[in-house]
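One structure below.
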Amino acid sequence: MLERTSTCLESGGRKLLRTTKPCLRARRSLHSAFWHHGASDLSLPTWSAAPSAHESSNDSAESRAAKTPISTQSASPSGPLLDFLYPEKTLALLRQLSVPTIDATSPRRRCIHAPPVRHYATVPAHYEQPAVEEDAQALHKLREFLGHQKPGGQDEAWKLYSSIPAAHLAADGHWHLRADLLEYLAIDDDPPVPNRVLKLFEEIPEQHRRDSSYRAAIASYMSLRMVGPALQLLEDALSTQYELDYSVIGIDLVLRRTVLDEQWDLSLRVFSLYLEQKPTFTVSETPVTTWIRWGNTLPHIWKGVATLNRLDNHLRSFLLYLREFRYLFDPLEQEEHLPSPERPKEDKEKKRALLLFTMTFVPHTMDQVMQSSTWSEHGVAQFIRRLHKALVKLNFPMSVINEHTISRLLNVPSNRAVDQIPSLIAKVWGEHRQLCLDSRESSEEHKHKSSKPKLHTLRNLIIYYWRRDQFAQAHAVISDHHMFYPKEPMRAGLLKYMVHRFAEHGDFAQTEKYLEEFRRYYKDQTDVKLVSALAFACARRADVEGAIAQFHRIRDEFGLIPDTVCWNILILAYFRADDLDGALECFNTMVGNGIAADVYTFGTLLDACAQRGDVEAFEALYSRAEQTGVQLVQNLRVRSAYVEVFLQSGDVQAAEAVAQGLLKAWSAGTLSGNLTYTWNLLIQHCALERDIAGARARYREMIDHDIPLDSWTYGSLMRALVEVKQTNAAYKILRTTMPRNNLRIHALHYAIVMTGFLREGGEQLDLAVQVYQEMKKEKIPQTMSSQEATIRTLGMSQIKELQNTKKHANYKLKDVDEAVEEMLADALQGQAMYREPQHTRQMDTRNYGSGPQALYGLLISLYAQRGAYKTCMRLIKKAERLKPDVQNYTVPITLATGAMEVHFKAGEHAEVARMWELARTSARKLVNTFSEIAIQETPVPTSGDLLDASSIRESFEQSRIAPNRRNILYKATRVYMRSLFDSKNPNTEALQEAQRTMAELAAAGYTIDVFTWNELVTTLAQRGKISTAFAICEEYLMPNFPGWRSLHPNYIRKDRKGYRWMELRWDDIRPDSIMPRYKTLIVLAAQYRNVRRDERNAIGYDEEKGLWLREKLEEAAPMTLRAIQSMPSTNDKLQMEYFHDAL
1 MLERTSTCLE
11 SGGRKLLRTT
21 KPCLRARRSL
31 HSAFWHHGAS
41 DLSLPTWSAA
51 PSAHESSNDS
61 AESRAAKTPI
71 STQSASPSGP
81 LLDFLYPEKT
91 LALLRQLSVP
101 TIDATSPRRR
111 CIHAPPVRHY
121 ATVPAHYEQP
131 AVEEDAQALH
141 KLREFLGHQK
151 PGGQDEAWKL
161 YSSIPAAHLA
171 ADGHWHLRAD
181 LLEYLAIDDD
191 PPVPNRVLKL
201 FEEIPEQHRR
211 DSSYRAAIAS
221 YMSLRMVGPA
231 LQLLEDALST
241 QYELDYSVIG
251 IDLVLRRTVL
261 DEQWDLSLRV
271 FSLYLEQKPT
281 FTVSETPVTT
291 WIRWGNTLPH
301 IWKGVATLNR
311 LDNHLRSFLL
321 YLREFRYLFD
331 PLEQEEHLPS
341 PERPKEDKEK
351 KRALLLFTMT
361 FVPHTMDQVM
371 QSSTWSEHGV
381 AQFIRRLHKA
391 LVKLNFPMSV
401 INEHTISRLL
411 NVPSNRAVDQ
421 IPSLIAKVWG
431 EHRQLCLDSR
441 ESSEEHKHKS
451 SKPKLHTLRN
461 LIIYYWRRDQ
471 FAQAHAVISD
481 HHMFYPKEPM
491 RAGLLKYMVH
501 RFAEHGDFAQ
511 TEKYLEEFRR
521 YYKDQTDVKL
531 VSALAFACAR
541 RADVEGAIAQ
551 FHRIRDEFGL
561 IPDTVCWNIL
571 ILAYFRADDL
581 DGALECFNTM
591 VGNGIAADVY
601 TFGTLLDACA
611 QRGDVEAFEA
621 LYSRAEQTGV
631 QLVQNLRVRS
641 AYVEVFLQSG
651 DVQAAEAVAQ
661 GLLKAWSAGT
671 LSGNLTYTWN
681 LLIQHCALER
691 DIAGARARYR
701 EMIDHDIPLD
711 SWTYGSLMRA
721 LVEVKQTNAA
731 YKILRTTMPR
741 NNLRIHALHY
751 AIVMTGFLRE
761 GGEQLDLAVQ
771 VYQEMKKEKI
781 PQTMSSQEAT
791 IRTLGMSQIK
801 ELQNTKKHAN
811 YKLKDVDEAV
821 EEMLADALQG
831 QAMYREPQHT
841 RQMDTRNYGS
851 GPQALYGLLI
861 SLYAQRGAYK
871 TCMRLIKKAE
881 RLKPDVQNYT
891 VPITLATGAM
901 EVHFKAGEHA
911 EVARMWELAR
921 TSARKLVNTF
931 SEIAIQETPV
941 PTSGDLLDAS
951 SIRESFEQSR
961 IAPNRRNILY
971 KATRVYMRSL
981 FDSKNPNTEA
991 LQEAQRTMAE
1001 LAAAGYTIDV
1011 FTWNELVTTL
1021 AQRGKISTAF
1031 AICEEYLMPN
1041 FPGWRSLHPN
1051 YIRKDRKGYR
1061 WMELRWDDIR
1071 PDSIMPRYKT
1081 LIVLAAQYRN
1091 VRRDERNAIG
1101 YDEEKGLWLR
1111 EKLEEAAPMT
1121 LRAIQSMPST
1131 NDKLQMEYFH
1141 DAL
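With full-length UniProt numbering applied, the sequence shown corresponds to residues 1 to 1143, in that order.
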């Protein structure tokens, strides 16, 4: 009956092994001597019919080793299987091989799921192996050989061992040598010939066996796929009187094999053996079960399982197995499974084993899934969701699993955790938090201990949200920490981290709060670096006076001496407030007090020079740093500032030369870091110049030279597209390209796209609103650029709706007001809104308290467009109440400009002039340079005459204003000039004041936009100042006149608004382009027609010069007259308005 047996029980459990496929019985009869197999293990090799290593015997291991000659006999027949099928010569050759046991197949080539195989042999059971010649020196040679641990020399070591005379081993067992040999034969847990290892293990007495000896024997059993004997050996090790380390004797090998074969009963049995043998950790005597619930996943016994491929598939199989014991976790089903009094005890033990097994198995599977590069973010998130859903469906306790899940998800690299994993973290944390709250309520009712989130989980979540700038979530987790641990202070490291993070965020109140908490519990650990966070919080808010006050507290209150870091914070405060005078004075005071400047000191000052394009000051500071021993050559950030200073000064070639030098040094390995920031500057410059080809070329350079790309790189590319009115392409980068490359999207990217859609106008306004809604949905922390884009987007959208409904001018812009209130709340809490690059071209003051007023300035401009005077005045008063009580405060230019628009539309020209002076004062602080402060140059007085063009151009070129700051008064100048041009202005000298102001601005280095120049010319012409109008147009506008294009009746071409019939392409007009507009030439043509008409009536003759006015115009403005005379006659709306009859 045995030969017909198709199944067998290996573990003695309830699960039956799969039966082999039934086959026809062979008709050929074999002699009974051919059969040599074990009835209980048909898959074992043929030699396993001999006594196994763990069977009991009357003779001891020592007596058996002494009686049996080494390697003279084999415990198994060493002939090949089915040897009657081999030719005689082939059989003779096989018997002469060095390894006679050819049935010990290599584990690498063994089929894992092969059915049990019966081995047939026709040789006797006691086959005589070829004798090995004894060597008297073999013992010494083997000892030396094992000392070298030669890789792959197991066969040679076994030959040496086999050649040792039996008498030498019988006299002295040499058990240490045999144990060393056993370790060597099973090195890396992969014995080439498992039979030898098991034979040698059997020879070693129990008292001489090491942990590694048991591991070698178990590794051999695993190579032979003999789980039963290996498990029996583990159980025998439990009963031994000798102390063994159960975590290293091979339990991980057995567990790996059982998990691989998905024999979950055996896996639980092995896991339970470990728990029985090692109930506590020896270091702290803490129970292992407690350690597991605290998060210890027992990696020493799961390390083998962790190496299995696609461990998630095995976990899926285990979950199916776990479904059989669902009643253990569901109280409603538990009563149906109690057939006997013994069952509750068995179920309790089973439930404990399943709980602990799952708590340690699941985390290792998560680790493999999350660390594998083949799993996408979507795949990882889907795996976690399905796993949690399956466990919840089984009513499995989720507290520990949630802790493990959060811990593993927080460690996923940021480039693989862009969208779904962050949302999954929030979801799992929310579920875990609710479980703890429910447990807390239950504990209050039933008076038992409640479940709490682990402290390290709370800590890691706080740090995670801080690093992602998710401030609301970070605050919520901090509140949870106080709620779950009300009487336990935060750890010192976490408190330090929070103090510095709140300081970096500019939240002074929270910084001071947690610093006081730190000093309350860890006063002896307070140092200068920690208390300087108070000054740093003020510096981040550009609060110079606050930073100075906190700087003095370091010595006066805390009794510490300010060091270089503290002085650097003061310089940073001045820098962030755009106060170069204060920064330079602070630096000189620092050096005068004997405080040595470092890289960060000069780095802040060099950044200030670079942003203003002050090349002379930059090079002077750089040389001074080198003279004082501060090495800046290897500082890539400082070297990149050298590129920026040339770009801001307008010397693009010098900037590119410096960048290429950096690239050469970086490629040669002499410069550490990466060049991403440098190339981002180059791409940004190309974007501002509307050089889309140059931006793409710089991007290609980054790809070719392996320069890493970051979020700001794509931001610069998006801006280049927006500048050439390809906002849809920029929007595609935002929606598709950046998420595909796992790059984080910031508020700047949304601001760029919203601004682009606003510029294009029309139907694109709806897309701008859609982008804002996406930004709000993603909860992106806003900056000044995104706030400005948001206000303009919502404002233009609502104004468009109100125009269609014809609402009153003072009708409230509800959405805009609500958005501004939210922004004001963030600004008043002290958020540092200047951490990201700024998108807007318009610079504005950044001193403390200017943020809220600047927001009100944008809102006032929107209401001013509708003529809502009362609403604007109410907002102006609100903005004035937000003015901080500090010295040398400058009003934001945005607020001053908004107020000027309101007063201009109300006809209050005196108020417009007053606000203009405030704007001039604010602008003057933003454009000064270190060179001007150090040299104290007095400005060269100008004549104030716009007709003195050569003098004005010379002064403009000598001015030290950075190109990116020359347009700082664009809008304010336009509003002030319109106030002066207004015929209702009571100032009789208003027109002369306008000319004088524009001359002063141009000579000081400011640029005036094309609208203001054209309005000046048209106003002068219409006010009778024809010669002056023609002269100004000739000097400032006509040099860039492109000429009239040829008109063809069948060629339809869309003209640029305001430049009709001119030979212009869409990319020919830049924001700083100064040229005559079509209406200006129409007005001048109309006035020239009047001059010619007056000349025909003998009016306009200058007796002193002897010239007619027409002749003077032809002499002073030939290009203007040529443009007027060659203007195409099209009878368009403007021509019909100014010319009632033909010229």
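Backbone N, C-alpha and C define an ideal beta-carbon position, used for all residues, glycine too.
For residue i, the three-state DSSP class (helix, strand or coil)
| i | result |
| --- | --- |
| Leu139 | helix |
| Asp1102 | strand |
| Leu322 | helix |
| Met775 | helix |
| Pro287 | strand |
| Leu875 | helix |
| Thr1130 | coil |
| Trp1044 | strand |
| Trp679 | helix |
| Trp1108 | strand |
| Met226 | coil |
| Met1075 | coil |
| Met490 | coil |
| Met1062 | strand |
| Pro453 | coil |
Assumed close pair residue i, residue j - CB separation to whole angstroms, cut-off 8 Å
| i | j | result |
| --- | --- | --- |
| Val428 | Thr457 | That pair is no contact at about 11 Å. |
| Trp1061 | Arg1045 | 6 Å |
| Tyr214 | Leu177 | Contact doesn't hold; Cβ gap of about 18 Å is too wide. |
| Thr360 | Trp302 | 6 Å |
| Gln154 | Tyr184 | 7 Å |
Closest Cα partner of residue i within the set the options
| i | options | result |
| --- | --- | --- |
| Ile561 | Asn568, His552 and Ile569 | His552 |
| Gln510 | Tyr522, Ala474 and Asp524 | Ala474 |
| Met915 | Leu862, Ile876, Asn928 and Ser950 | Ile876 |
| Gln995 | Phe508, Leu946, His140 and Thr793 | Leu946 |
| Val544 | Ile554, Tyr574, Arg256 and Glu349 | Tyr574 |
| Gly673 | Gln631, Arg637 and Arg719 | Arg637 |
Distance between residue j and residue i (C-alpha atoms, nearest Å)
| i | j | result |
| --- | --- | --- |
| Glu403 | Val412 | 15 Å |
| Ser959 | Gln726 | 35 Å |
| Tyr848 | Ser922 | 14 Å |
| Glu908 | Ala972 | 15 Å |
| Asp1068 | Lys1054 | 14 Å |
| Glu488 | Thr289 | 25 Å |
| Ile733 | Tyr714 | 8 Å |
| Met1075 | Leu980 | 22 Å |
| Ala655 | Trp679 | 11 Å |
| Glu1095 | Asp982 | 30 Å |
| Leu969 | Leu743 | 36 Å |
| residue 1153 | Arg541 | The chain is shown only over 1 to 1143; residue 1153 falls outside these bounds and no answer can be derived. |
| Cys436 | His481 | 12 Å |
Buried/exposed call for residue i, threshold 16 Cβ in 10 Å
| i | result |
| --- | --- |
| Asn1131 | exposed |
| Ala759 | In the sequence as displayed, the identity of residue 759 is Arg instead of Ala. Looking at its Cβ environment, which holds fewer than 16 other Cβ atoms inside 10 Å, Arg759 is exposed. |
| Lys1025 | buried |
| Lys870 | exposed |
| Pro51 | Its pLDDT being 38, under 50, Pro51 is placed unreliably in this model, and the coordinates cannot settle the point. |
| Val392 | exposed |
| Arg1093 | exposed |
Contact test: residue i Cβ vs the ligand FAD heavy atom, cutoff 7 Å
| i | result |
| --- | --- |
| Thr1120 | Here there are no bound small molecules, and the ligand FAD is not part of this structure. |
Below-8 Å beta-carbon distance, residue i vs any chain B residue
| i | result |
| --- | --- |
| Gly756 | The structure shown contains no chain B; it is built from a single protein chain. |
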